[in-house]
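Residue numbers (full-length UniProt numbering): 1 to 407.
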Amino acid sequence: MQFLCKEYQDGNPRVRGLVTDTRIHLVPSLNPDGYELAHEAGSELGNWALGHWTEEGFDLFENFPDLASALWAAEERRLVPHQFPNHHIPIPEHYLSEDAAVSAAQGTGSGVRVAGGDTSCPVSASQVAVETRAVMAWMDKNPFVLGANLQGGEKLVSFPFDTARPSPPTAAAAPRPLDYEDERPELQETPDHAVFRWLAISYASAHLTMTETFRGGCHAPDVTEAMGIVQGAKWRPQAGSMNDFSYLHTNCLELSIYLGCDKFPHESELQQEWENNKESLLTFMEQIHRGIKGVVTDQQGEPIANATIVVGGINHNVRTASGGDYWRILNPGEYRVSARAEGYNPSVKTCHVLYDIGATQCNFVLSRSNWKRIREIMAMNRNRPIRRVVPGRPMTPREHMRLRMRL
C-alpha cells in the first residue's frame, strides 16, 4: 500500500495507470487473532503452525462451503446447466444457519484482491467462522474479478480446483461407508484451467526466486515441475477452499500465493522478501486488464444487471454487475461470446483478445423478447397447442369458451 501511494505521488506511469484504472482492495489479514499470536512469539520462537488457526480454532482457507462437490454431483445426474448452474452456485441454506457445521479444517494470512466437506452431509461439529461469513458477504457485495490470498510455508502459486473429485464407483463396487476416503481421486481441472495457469505463471515467472526449483521445495521435493505453479488438488487436496468457493460462487478468479518457506520472516529479511515479490504483485494485478469487458444494455440504453456472459468453449459463465458492466479474463485468441438475460433475446458477437495488456471492449444491446408473454398464454392453455383460428370459419362453442378463458 505504501509503495502504491508513494509511486503514484511520484508520478510512476505504471503505478498511476494501475491505480487509476483498477479498484484495488487490500486486506492486511483475514486472521488478525492468529497474526497477533505469531507476532508475539516472533520469527525465532514461532513455528509453521503458530497463528495458522483463528482463536476459535478455524482454518479460514478451508472453512467455505464445498460447491465443487455439489457441482460434480449435479453433472453426474445431468442437471447442469438447465437445472443446476455452472456458475454463481448458491450457498446451501444449511451452511448459513446458526448451527451450521462444515468440514474439519486446519488460517490464511494476508490477502489482495482486484475489483467446501460435502455440503449435504457435514462431517464435524465445528461452526462456520465469523471471519468466513464476513468474507463471503464481502465477496457478494463487490464484483471482484481477480484475487490472491498470500500465505507462507512454501514458495509457489496454487490455483483451483483445490478439491479432488472422487473417482466414480463401478456398478459392481460395494456401497461406500460414510467415512470412505478415495485413495486415487481424479484431478479435475476447471473450465478456466488455461487462464488459471496463465495467471499463476505471470506471478511465478516475475518472482526473483520462485522458479528456482532445482533446490527442491521447502519441505519436500518440488511439486511444480520446475515452474513454481501447481493445481491445488494435485498438491494438497482440500474441500471447501476459498479459491474454489470464489470461482464457483462469484466472477472472481482467485489463487493462493505462497511467498516463501519462512511463514514469519525476521524483520531484517523483509526488505529482500519485498524485492522478491514486488514485480510479481504488480504483474499479477495487471492481468485483470487482459480479456474482454463491456456493458450490457437494453435498446433504450438502460443497463441490464445479472445478465449472463457466455464464452464459447468455456463451460463457466459470469454475470454483469448492477450497472450492467462485466469483466472476463481470457487468454489471447478469438472467442464467440453471447449475452443473455431473462426477458431478452440473446446477442452474439466475436471478440478478439490480444497479447498486449488492455481488455477488448465487447458491448451488447439486447432486445425485448416475447417469450415471457408466450409462456403466460401457454400456461393459461395448460401448455396445450393453441388451435389456429381460420378467417371466415365460424368458431365452435368450445373454441369460444377457451378464448374467453384465455382473455
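Built from N, CA and C at the ideal position, the CB exists for glycine as well.
If you drop the 5 nearest sequence neighbours on each side, which residues of the same chain put their C-beta closer than 7 Å to that of F245? Here residue 245 corresponds to residue number 245 of the sequence shown, with the count starting at 1. The answer, listed in chain order, is F64, P65, L67, G116.
Any heavy atom of the ligand SAM closer than 8 Å to the Cβ of T22? Inclusion of the ligand SAM in the displayed structure is not the case, the ligand content being empty and no account of it being possible.
By a C-beta neighbour count over all protein chains shown, 10 Å radius and 16 as the cutoff for buried, is V130 buried or exposed? Here residue 130 refers to the residue found at position 130 of the sequence shown. Exposed is the call here.
Buried or exposed: which applies to V337, given that a residue is buried once 16 or more other Cβ atoms fall within 10 Å of its Cβ? If you number the sequence shown from 1, residue 337 lands on position 337. With 16 or more other Cβ atoms within 10 Å, it is buried.
To the nearest angstrom, how far is the alpha carbon of E254 from that of Q188? In the sequence shown, residue 254 corresponds to position 254, counting from 1. In the sequence shown, residue 188 corresponds to position 188, counting from 1. Near 17 Å, if we compare the C-alpha coordinates of Q188 and E254.
Tell me Q287's beta-bridge partners as DSSP assigns them. On the sequence shown, position 287 is the one that residue 287 refers to. BP columns for Q287 are empty, so no partner.
Which class does N149 belong to by DSSP, given the choice of helix, strand or coil? As a first step, residue 149 is located in the sequence shown; it is residue number 149 there, counting from the start. Of the three classes helix, strand and coil, the one that applies to N149 here is strand, per DSSP.
Run through the DSSP bridge pairs and tell me what Q231 is partnered with. In the sequence shown, the residue the question calls residue 231 occupies position 231. Beta-bridge pairing links Q231 to F159.
Express the C-alpha separation of M1 and T119 in angstroms, rounding to a whole number. Taking the first residue of the sequence shown as position 1, residue 119 is located at position 119. Taking the first residue of the sequence shown as position 1, residue 1 is located at position 1. Here the model assigns T119 a pLDDT of 34, short of 50, so the residue's position is not dependable and the matter cannot be decided.
Please report the straight-line C-alpha distance between M139 and T250, rounded to a whole angstrom. Position 139 of the sequence shown holds residue 139. Position 250 of the sequence shown holds residue 250. Cα-Cα distance, rounded: 7 Å.
Can you check which of these residues, T360, V19, E342, is closest to T350 by C-alpha distance? On the sequence shown, residue 350 is found 350 positions in, with the first residue counted as 1. That would be T360, whose Cα lies nearest to the Cα of T350.
Y180 to G232, Cα distance in whole Å? As a first step, residue 180 is located in the sequence shown; it is residue number 180 there, counting from the start. As a first step, residue 232 is located in the sequence shown; it is residue number 232 there, counting from the start. Low confidence applies to Y180: its pLDDT is 47, below 50, so where it sits in the model is not reliable enough to give any reading.
Measuring only the C-alpha atoms, how far is Q300 from N345? In the sequence shown, residue 300 corresponds to position 300, counting from 1. In the sequence shown, residue 345 corresponds to position 345, counting from 1. Straight-line Cα distance between these residues: approximately 15 Å.
Can you find the residues in the same chain that come closer than 7 Å, C-beta to C-beta, to V295, ignoring five residues on each side of it along the sequence? Here residue 295 corresponds to residue number 295 of the sequence shown, with the count starting at 1. The answer, listed in chain order, is P303, G324, D325, N363.
Please state if the CB of I229 and the CB of S280 are separated by a distance shorter than 9 Å. Looking up residue 280 in the sequence shown gives position 280. Looking up residue 229 in the sequence shown gives position 229. No.
Let's test the definition: count the other Cβ atoms within 10 Å of the Cβ of R373 and tell me whether it reaches 16, buried, or not, exposed. Residue 373 sits at position 373 when you count from the first residue of the sequence shown. With fewer than 16 Cβ atoms within 10 Å of its Cβ, R373 is classed as exposed.
Just verifying my parser: in three-state terms, what is the DSSP assignment at Q271? Here residue 271 corresponds to residue number 271 of the sequence shown, with the count starting at 1. In the structure shown, Q271 sits in a helix (DSSP, three-state: H, G or I).
Could you spell out where the alpha helix (DSSP H) holding H25 opens and where it closes? On the sequence shown, position 25 is the one that residue 25 refers to. Premise fails: H25 lies in the beta strand (DSSP E), 24–27, not in any alpha helix (DSSP H).
Using DSSP with H/G/I as helix, E/B as strand and the rest coil, what is P13? For this step, residue 13 is matched to residue 13 along the sequence shown. It is helical.
Start-end ranges of the alpha helix (DSSP H) lying completely within the segment 239–271, minimum 4 residues: Correct list: 242–249.
Looking at C-alpha atoms only, which residue of A321, R375, T396, R398 is the closest neighbour of V145? Locating residue 145 in the sequence shown gives position 145, counting from the first residue. Comparing Cα-Cα distances from V145 to each of A321, R375, T396, R398, the minimum goes to A321.
From P191 to R393, what does the alpha carbon distance come to, in whole angstroms? Along the sequence shown, read from residue 1 onward, the residue named residue 191 stands at position 191. Along the sequence shown, read from residue 1 onward, the residue named residue 393 stands at position 393. For P191 and R393, the distance between alpha carbons rounds to 57 Å.
Start and end residues, alpha helix (DSSP H) containing Y355: As a first step, residue 355 must be located in the sequence shown, where it is residue number 355. From DSSP, Y355 is part of no alpha helix (DSSP H); its letter is neither H nor E.
Pop quiz: A226 and N331 are said to be a contact at Cβ under 8 Å. What is the actual Cβ separation, rounded to whole angstroms? What you label residue 226 is simply residue 226 of the sequence shown in a count that begins at 1. What you label residue 331 is simply residue 331 of the sequence shown in a count that begins at 1. Not really, about 22 Å apart at Cβ, beyond 8 Å.
T213, DSSP secondary structure in three states: On the sequence shown, residue 213 is found 213 positions in, with the first residue counted as 1. Residue state, collapsed to three classes: helix.
My guess is that Y335 and V365 are in contact by the Cβ rule of under 8 Å, so how many angstroms apart are they, rounded? Position 335 of the sequence shown, counted from the start, is the residue given in the question as residue 335. Position 365 of the sequence shown, counted from the start, is the residue given in the question as residue 365. Not quite, the Cβ-Cβ distance comes to about 19 Å (not below 8 Å), so this is no contact.
N-terminal and C-terminal residue of the beta strand (DSSP E) that W327 is part of: As a position in the sequence shown, residue 327 is number 327, starting the count at 1. Per DSSP, W327 belongs to the beta strand (DSSP E) from 325–329.
Distance between Y258 and F58 (C-alpha atoms, nearest Å): Start at 1 with the first residue of the sequence shown, and residue 58 comes out as number 58. Start at 1 with the first residue of the sequence shown, and residue 258 comes out as number 258. Cα to Cα, F58 sits roughly 19 Å from Y258.
Distance between beta carbons of Q287 and I329, contact taken as under 8 Å: Taking the first residue of the sequence shown as 1, we reach residue 329 at position 329. Taking the first residue of the sequence shown as 1, we reach residue 287 at position 287. At roughly 7 Å, the Cβ-Cβ gap stays under 8 Å, so I329 and Q287 are in contact.
Taking all protein chains shown into account, decide if Q9 is buried (16 or more other Cβ within 10 angstroms of its Cβ) or exposed. The residue you call residue 9 lines up with position 9 of the sequence shown. Q9 comes out exposed.
Can you give me the C-alpha to C-alpha distance between F84 and K155, rounded to a whole angstrom? Taking the first residue of the sequence shown as position 1, residue 84 is located at position 84. Taking the first residue of the sequence shown as position 1, residue 155 is located at position 155. Using only the alpha carbons, I get a separation of about 37 Å.
State buried or exposed for E376, treating a residue as buried only when at least 16 other CB atoms are found within 10 Å of its CB. Here residue 376 is taken as the residue at index 376 of the sequence shown, counted from 1. E376 is exposed by the Cβ-count criterion.
In three-state terms, what does DSSP make of A105? Looking up residue 105 in the sequence shown gives position 105. Bear in mind that a pLDDT of 37 at A105, under 50, signals an unreliable position, so the model cannot answer this.
List the endpoints of the continuous alpha helix (DSSP H) containing E93. For this step, residue 93 is matched to residue 93 along the sequence shown. Run containing E93: 93–96, per the alpha helix (DSSP H) assignment.
Whole angstroms is fine: what's the gap from M378's alpha carbon to S369's? Locating residue 378 in the sequence shown gives position 378, where the first residue counts as 1. Locating residue 369 in the sequence shown gives position 369, where the first residue counts as 1. So the alpha carbons of these two residues sit roughly 15 Å apart.
Using the three-state DSSP reduction, which class does V113 fall into: helix, strand or coil? Here residue 113 is taken as the residue at index 113 of the sequence shown, counted from 1. According to the sequence displayed, residue 113 carries Arg and not Val. Three-state result, R113: strand.
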